[in-house]
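Student: One structure, pasted below without further comment.
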Amino acid sequence: MIERYTLPEMKAIWSQENKFRKWLEVEIYACEAMAEMGLIPEEAFRQIREKADFNVRRIEEIEAQVNHDVIAFLTCVGEYVGDAAKYIHMGLTSSDVLDTALAVLMKEAGQQILRRLEELRAVLLERAREHRYTLMIGRTHGVHAEPITFGLKMLLWVAETERNIDRMKRAIDVISVGKISGAVGTYANIDPRVEAHVCRRLGLRPARISTQVLQRDRHAEFMTTLAVIGSSLDKFATEIRNLQRTDILEVEEYFAKGQKGSSAMPHKRNPITAERISGLARILRGNALAALENVALWHERDISHSSVERVIIPDSTITLDYMLYKMTAIMKNLLVYPENMRKNLERTHGLLFSQRVLLALVEKGLSREQAYELVQRNAMRSWREGTGFETLLKEDADITSVLSPQEIESLFNYDYHLRHVDDIYRRFGL
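Here is the structure:
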């Protein structure tokens, strides 16, 4: 991923230094297990443990000659270790190292994403508390429907973020497996106890069965989880972008002093960070599709997945980490305009109370069809003429023969729509 969207924590995880360090840990722990089992000399393992190291630039030099990254890595490590290096990688195949180390890296990246999700959840909860009773119009199909509160919108996002936290935990669990089972997964040249030892030391579980590789449904599940989380952020960002439109303007991204929105139009205050998040979500969805393509490998393995994963796994985790960081900043600094929310509530001249009128007529004995026709007739006239809905109802003899003016007035009450807000909040312990 380009530097523009890379934050320090995730950059460190996917650095070449960290990748090769994980490879070295796999090799050292395998030697440790073999030494404990008496399969290699204890003195040889001591030398390996004390001397084993690598130099990234040297690995790259060797790889340019041999065209094999694991061999280049082993050659470089051997230059540090000396004669005892012959015991390194004994009975292992390249994917024993690559897949097991990749699992550790993906686990680390997943845990970083979890931290970001928790940060976002905390900010959303705070905004939900702040705007518990901040009235705004609820929209369906982009059209005014009935009143909600901005706090409920925030609480909806809290719930989705909590589901994403659960998804991420499951994805980390699925990917937290290793394999040291040899060329086709039969342990032909290595004891399964080595695998168990290495995985235990790395905080992984041994795969119950593998081929030369770990099966890529695990990686696909991890990647699709990233895409789902990214799509949630896209949803949040799209809502902010819509609510920031000039003709709505109920919320707005914070616009810093000195910030510029357009090279041509000095007045512009654009939701650029939310737009960026929506754009980056497309990368996550595309990369998830590539991960699904990796599931169908030939026989006990082919290498078609490798080139794809070198790009999509670091890029997607780095991208989502950045997206979560930015969304948290947006929500922390989001400007909320309750006055505009109130103005927008009143733009339809009371039509948002149409269901209350409908139900009141039904309760008075009208059939639902009769009541619907009466309410819609007045609602459509209000749409056309811009006349207050309540006024039209009071002028309609068919309505006033059933409902008194006082009863009609009582139906136009915002508090009615807030009566269960506290019940919803209690579900979140608030």
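Numbering (UniProt numbering), first residue to last: 1 to 430.
Even for Gly, the Cβ is constructed at its ideal location relative to N, Cα and C.
As the structure is a prediction and not an experimental result, all values here were calculated from the model.
Quick check on the DSSP output: the beta strand (DSSP E) that includes R139 runs from which residue to which?
Tutor: First-last of the beta strand (DSSP E) with R139: L135 to T140.
Student: At which residues does the beta strand (DSSP E) containing P147 begin and terminate?
Tutor: V143 to T149 is the span of the beta strand (DSSP E), which, as asked, contains P147.
Student: Have a look at A360, Y80, R347 and P147 and flag the residue whose alpha-carbon is nearest the alpha-carbon of K51.
Tutor: Considering only alpha carbons, the answer is Y80.
Student: Below 8 Å, can you find three or more Cβ-Cβ pairs linking the segment 207 to 217 to the segment 38 to 49?
Tutor: Output reads no: the segment 38 to 49 does not touch the segment 207 to 217.
Student: Counting C-beta neighbours from all protein chains within 10 Å, is the total for Y414 16 or more, i.e. buried, or is it exposed?
Tutor: Exposed, since its Cβ has fewer than 16 Cβ neighbours within 10 Å.
Student: Is R163 buried or exposed, if buried means 16 or more other CB atoms sit within 10 Å of its CB?
Tutor: Counting Cβ neighbours within 10 Å, R163 comes out exposed, since fewer than 16 surround it.
Student: Please classify R127 as buried or exposed, where buried requires at least 16 neighbouring CB atoms within 10 angstroms.
Tutor: Counting Cβ neighbours within 10 Å, R127 comes out buried, since at least 16 surround it.
Student: Could you check which residue in Q244, E252 and T273 has the C-alpha nearest to that of L233?
Tutor: Taking only the C-alpha atoms, the option nearest L233 is T273.
Student: Following the continuous alpha helix (DSSP H) through residue 437, name the residue where it begins and the one where it ends.
Tutor: Because the chain here runs from 1 to 430, residue 437 falls outside it and cannot be looked at.
Student: Does the beta-carbon distance from L226 to A171 come in below 9 Å?
Tutor: Yes; because the gap between Cβ atoms is below 9 Å, this pair is in contact.
Student: Please identify the residue among G38, K11, L351 and A72 whose C-alpha is closest to the C-alpha of V143.
Tutor: Minimum Cα distance to V143 is reached at L351.
Student: Counting C-beta neighbours from all protein chains within 10 Å, is the total for N378 16 or more, i.e. buried, or is it exposed?
Tutor: Buried is the call here.
Student: Let me know the secondary structure DSSP gives P41 once reduced to three states.
Tutor: Three-state result, P41: coil.
Student: Within 10 angstroms of the Cβ of W23, are there 16 or more other Cβ atoms? Answer buried if so, exposed if not.
Tutor: So W23 counts as buried.
Student: Restricting to Cα atoms, I'd like to know which of E250, R347 and L102 is closest to Y337.
Tutor: With distances taken between Cα atoms, Y337 lies closest to E250.
Student: With a CB to CB cut of under 7 Å and the five nearest residues on each side skipped, what residues in its chain are close to Q370?
Tutor: Excluding positions up to five away in sequence, the list is empty.
Student: Counting pairs of beta carbons, one from the segment 91 to 111 and one from the segment 183 to 194, are three or more of them closer than 8 Å?
Tutor: They touch, by the three-pair rule.
Student: Indicate the three-state DSSP secondary structure (helix, strand or coil) for A251 in the structure shown.
Tutor: The sequence given here places Val at residue 251; Ala does not occur at that position. Note: V251 maps to strand in three-state DSSP.
Student: Mind listing, in chain order, the continuous alpha helix (DSSP H) runs of no fewer than 4 residues lying wholly within the segment 169 to 238?
Tutor: Within the segment 169 to 238, the complete alpha helix (DSSP H) runs of at least 4 residues are 192 to 202.
Student: Taking the CB atoms as reference points, tell me whether L105 and N242 lie closer together than 9 Å.
Tutor: Cβ atoms of L105 and N242: not closer than 9 Å.
Student: Using three-state DSSP, classify L320 as helix, strand or coil.
Tutor: Helix.
Student: Which of the three DSSP states is assigned to V336 in this structure?
Tutor: Residue state, collapsed to three classes: strand.
Student: Per DSSP, what kind of secondary structure is K22 in: helix, strand or coil?
Tutor: If DSSP states are grouped into helix, strand and coil, K22 belongs with the helices.
Student: Distance check for A122 and R4, CA to CA, integer angstroms please.
Tutor: Their backbone Cα atoms lie some 26 Å apart in a straight line.
Student: For A291, is the beta carbon positioned less than 8 Å from some heavy atom of the ligand ZN?
Tutor: Questions concerning the ligand ZN fall outside what the structure shown contains, since it holds no ligand whatsoever.
Student: Can you tell which of K11, L361, E395 and V375 has its C-alpha closest to the C-alpha of L403?
Tutor: Ranking K11, L361, E395 and V375 by Cα distance to L403 puts L361 first.
Student: Taking the Cβ atom as the reference point for each residue, do S390 and E409 lie within a distance shorter than 9 Å?
Tutor: Before going further, note that residue 390 is Glu rather than Ser in the sequence given. Cβ atoms of E390 and E409: closer than 9 Å.
Student: Would you kindly work out how many angstroms separate the C-alpha atoms of V174 and F222, rounded to a whole number?
Tutor: Straight-line Cα distance between these residues: approximately 8 Å.
Student: Going straight from the alpha carbon of T246 to that of Y425, what length do you get?
Tutor: Spanning the two alpha carbons is a distance of roughly 31 Å.
Student: Return the CA-CA distance between I148 and V184, expressed in angstroms with no decimal places.
Tutor: Answer to the nearest angstrom: the Cα atoms are 59 Å apart.
Student: Would you mind giving the Cβ-Cβ distance between K324 and L284, rounded to the nearest angstrom? I have them listed as a contact below 8 Å.
Tutor: In the sequence under discussion, the amino acid at residue 324 is Leu, which differs from the Lys named in the question. Not a contact, Cβ separation roughly 12 Å.
Student: Suppose contacts are defined by Cβ-Cβ distances below 9 Å. Is G182 in contact with T100 by that definition?
Tutor: Contact flag unset, no.
Student: Quick one: give me the first and last residue of the alpha helix (DSSP H) that N287 is part of.
Tutor: Looking at the DSSP string, the run of the alpha helix (DSSP H) that includes N287 is I272 to E293.
Student: For V357, is the classification buried or exposed, using 16 other Cβ atoms within 10 angstroms of its Cβ as the cut-off for buried?
Tutor: Looking at its Cβ environment, which holds 16 or more other Cβ atoms inside 10 Å, V357 is buried.
Student: Tell me the DSSP secondary structure of S263 in three-state form.
Tutor: Summary for S263: the model assigns pLDDT 47, below 50, so the residue's position carries little reliability; its value from the coordinates is reported in the next sentence. Here S263 sits in coil by DSSP.
Student: Under DSSP, the alpha helix (DSSP H) around M10 begins and ends at which residues?
Tutor: From DSSP, the alpha helix (DSSP H) with M10 extends over P8 to I13.
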